[in-house]
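First up is the structure itself, then whatever we jot down about it.
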Amino acid sequence: MTNNDLIVQEFLDDFVFVEGRSKLSAETYRFCIEEFLGWVQQNSLELSTITEKDLFFYVRWRHTQGIQDASIAKDVSALRAFGTFLKHKGVWQKNICLELEHPSLSRNLPRVLSVEQVDSLLNSIDTSKPLGVRDRALYELIYSCGLRISEACSLLMGNVHFDEKIIIVHGKGDKERIVPFGTVARDWLFSWIHNERSKFVKSNSVNEVFVNRNGKPLSRKGVWKNFQALEVKSGVQAKVHTLRHSFATHLLAGGADLRSVQELLGHADLSTTQIYTHIDNEQLREYHSGYFPGHKNKDAEEE
2 MTNNDLIVQE FLDDFVFVEG RSKLSAETYR FCIEEFLGWV QQNSLELSTI TEKDLFFYVR
62 WRHTQGIQDA SIAKDVSALR AFGTFLKHKG VWQKNICLEL EHPSLSRNLP RVLSVEQVDS
122 LLNSIDTSKP LGVRDRALYE LIYSCGLRIS EACSLLMGNV HFDEKIIIVH GKGDKERIVP
182 FGTVARDWLF SWIHNERSKF VKSNSVNEVF VNRNGKPLSR KGVWKNFQAL EVKSGVQAKV
242 HTLRHSFATH LLAGGADLRS VQELLGHADL STTQIYTHID NEQLREYHSG YFPGHKNKDA
302 EEE
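If you're matching positions, the sequence shown starts at 2 in the numbering used here and goes up one per residue.
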């Protein structure tokens, strides 16, 4: 192995096993760092003496090679992580890669529902039936916690804590995060788990919170299919993931800081969360006057 190969492998091992990042991200970063180290070598530079100016020249050089902004953004993310590693190793005194800015990407803004639209969508669920209670609990929790569909489907009974009103979520890269949920979501989730779920699970041992009519873990396809029926019934056009977008945007509009929202969503990179800051704040403030959780329980004050 060359010196470059060794330092790349050491960085990736630290990235996955110490930082707890995903192997998929590690493979993406591998290519970015190998490209950077190759450029350093070609220009007869020493890694330990790299300056901010060198970094800016490198990013500019990547642009001249016809590399798209999306790839440059990955380069910057990889270099920032690499800079943190080099600082911890004592190669650099500080992470100078933090001076690099992500290029502006032309991204479509995520569709966001107003609080009234969320209410209309969720109120269209027929909760007179056990599976309706399940669906209300499911979509309330996705909205209240900003969950991905896969995270909701894989939620385990042992990771729901009613007294603290928190759940432990297994997100991308098998990273765990703790997310609080609101009173409305708590009430529906409690009703599902303590009153209805046993009708389907019966004597079987099933760890997942949400199950189908056969008592087996609810699939992502099942979540999508049920949600499509709610779209038609409520007249609100959305996708399940729109509830996650709405959660994040309502939080920011209500005054939450970006770092907190990043943690709640389980985003590895803050730039992913920043997309929500580009949605017109005034429009969002027309949707609701208070802080998240968005829709209030009309029968009881939020705790």
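Built from N, CA and C at the ideal position, the CB exists for glycine as well. Because the structure is a prediction, the values reported are computed rather than measured.
Of the listed residues Phe-228, Ser-272 and Asn-5, nearest to Glu-102 (C-alpha basis)
Closest by alpha carbon: Ser-272.
Helix, strand or coil, according to DSSP, for Leu-114 in the structure here?
Note: Leu-114 maps to coil in three-state DSSP.
Which value, in whole angstroms, describes the spacing of the CA atoms of Val-180 and Ala-269?
Those two C-alpha atoms are separated by around 15 Å.
Count the other CB atoms within 10 Å of the CB of Lys-75; is the residue buried (16 or more) or exposed (fewer)?
Result: buried.
Look at the Cβ atom of Phe-228, then the Cβ atom of Leu-219, and state whether they are nearer than 7 Å.
Taking 7 Å as the Cβ cut-off, Phe-228 and Leu-219 do not qualify as a contacting pair.
Residues near Arg-187 by beta carbon distance below 6 Å, same chain, minus five either side
Contacts found: Lys-166.
So Phe-182 and Cys-146 are supposed to be a Cβ contact under 8 Å. How far apart are they, rounded?
A Cβ-Cβ distance of about 5 Å is found for the pair Phe-182 and Cys-146, placing them in contact under the 8 Å criterion.
Which residues mark the beginning and the end of the alpha helix (DSSP H) in which Ile-97 is found?
Following the DSSP letters along the chain, one finds Ile-97 in no alpha helix (DSSP H), marked with neither H nor E.
Endpoints, the beta strand (DSSP E) within which His-89 is located
First-last for His-89: 70-90, but that is the alpha helix (DSSP H), not the beta strand (DSSP E).
Is the distance from the Cβ of Leu-114 to the Cβ of Thr-243 below 7 Å?
Yes. Within cutoff.
Pairwise C-alpha distance: Val-185 and Arg-221
Taking C-alpha positions only, Arg-221 is separated from Val-185 by approximately 23 Å.
Taking the straight line between their C-alpha atoms, what separation do you get for Phe-191 and Ala-82?
So the two alpha carbons sit approximately 41 Å from each other.
Buried or exposed for Asp-175, going by 16 or more other Cβ atoms inside 10 Å?
Result: exposed.
Three-way DSSP call (helix, strand, coil) for Pro-131 in this model
Of the three classes helix, strand and coil, the one that applies to Pro-131 here is helix, per DSSP.
Straight-line gap, Val-77 to Cys-98 (C-alpha atoms, nearest Å):
Using only the alpha carbons, I get a separation of about 8 Å.
Can you tell me which residues form a DSSP beta bridge with Leu-157?
Answer by DSSP bridge pairing, in chain order: Glu-209.
Helix, strand or coil for Arg-22, going by three-state DSSP, please let me know.
Correct three-state label for Arg-22: coil.
Distance between Ser-261 and Phe-32 (C-alpha atoms, nearest Å):
About 30 Å.
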